[in-house]
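Numbering (UniProt numbering), first residue to last: 1 to 291.
Beta carbons are placed, not taken as given, at the ideal position from N, Cα and C, and that holds for glycine.
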């Protein structure tokens with residue numbers, strides 16, 4: 001440890017609550033060592049109401065960057081000096097970069113999703129995309145796909161508290177990216193769902209359905225909606241192959257697990273922190289076997 005920490009070592013971190021389970025410190029610190037960055041990355045258990053004080057401490061202590069996880073993404077965005085286009089649309093950040101005391105907020109969740117698709121040889125430009133869910137991860141994916149040139153995005157969500165927020169987000173995306181057709185439907189609109197999936201290139205589960213310990217659940221009960229050649233992606237990574245992906249594969253779909261999204265959003269954060277490219281192949285082998 002004494003060989004790594006010096007009087008010039010830059011501090012980075014993760015804020016959220018809880019954070020003790022996170023793999024981010026191990027992954028980011030490995031990246032620092034591999035790239036010769038004089039930095040150290042720690043996890044800080046910070047509750048939502050403590051975010052404004054932590055942001056002040058970033059300036060005071062010259063903390064160079066932070067990742068932000070639940071429940072702090074919205075509160076962090078409200079305390080930034082400047083937001084990236086995606087973060088501004090969503091109103092949330094998962095990455096903060098400190099540049100001479102000015103704090104820049106970014107959201108790399110959507111970038112991680114798109115990069116994970118690209119890693120599987122799939123692009124979103126010009127594609128018709130159907131997304132289940134309107135929570136944080138799903139919204140980040142919607143925004144990033146629109147910004148990256150998707151032809152259309154169709155969102156299905158229950159009429160829960162997220163639905164009204166999703167309606168507002170649809171209007172924001174339309175205003176920002178008018179060339180992308182964006183629609184929102186109730187999850188119970190099964191006929192419309194079948195029609196949209198039939199015409200889709202990419203289908204995404206942006207909900208937590210299928211995550212352990214409820215791995216027997218899935219967002220699609222009628223598996224005849226899957227069709228051969230459809231790209232089916234999941235944000236859930238535990239289990240790595242969800243029921244949603246398994247049933248899609250059985251119907252001839254191309255499946256993309258959610259674990260790679262974690263990798264690529266971390267890679268994007270690392271680039272923002274350091275300006276360097278994380279050694280992805282080494283990180284995959286060490287932390288993301290099978291991705």
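Query, Result
"Quick one: what does DSSP say residue 57 is sitting in, helix, strand or coil?", "helix"
"Rounded to a whole number of angstroms, what is the C-alpha to C-alpha distance between residue 211 and residue 11?", "33 Å"
"Could you tell me if residue 5 is buried or exposed, where buried requires 16 or more neighbouring beta carbons within 10 angstroms of its beta carbon?", "exposed"
"Could you round the C-beta distance between residue 272 and residue 176 to whole angstroms and report it? I think they count as a contact, below 8 Å.", "Residue 272 to residue 176, Cβ: 21 Å. No contact."
"Would you mind giving the Cβ-Cβ distance between residue 47 and residue 84, rounded to the nearest angstrom? I have them listed as a contact below 8 Å.", "25 Å between Cβ atoms; not a contact."
"Grab me the residues of residue 200's own chain with a C-beta within less than 6 Å of its C-beta, minus the 5 sequence neighbours each way, in chain order.", "128 and 130"
"With C-beta atoms as the reference, is residue 103 less than 9 Å away from residue 55?", "yes"
"Run through the stretch 84-165 for me and flag every whole alpha helix (DSSP H) of 4 or more residues, listed as ranges in chain order.", "85-90, 109-119 and 136-147"
"Is it right to say residue 1 is buried, meaning 16 or more other beta carbons lie within 10 angstroms of its own, or is it exposed?", "Annotation note: pLDDT 48 at residue 1 (below 50); position unreliable, coordinate value reported separately. Exposed, because fewer than 16 other Cβ atoms sit within 10 Å of the Cβ of residue 1."
"Just checking my contact of residue 109 with residue 150 at CB under 8 Å: how many whole Å lie between their CB atoms?", "The pair is not a contact, with the Cβ atoms about 16 Å apart (cut-off 8 Å)."
"Just to confirm my understanding: we take residue 159, look at its own chain, exclude 5 residues before and 5 after, and list those with CB closer than 7 Å. What are they?", "186"
"Closest by CA to residue 97, which one among 68, 116 and 260?", "68"
"Around the C-beta of residue 292, are 16 or more other C-beta atoms found within 10 angstroms, so that it is buried, or is it exposed?", "The question about residue 292 has no answer, for the chain in this structure spans 1 to 291."
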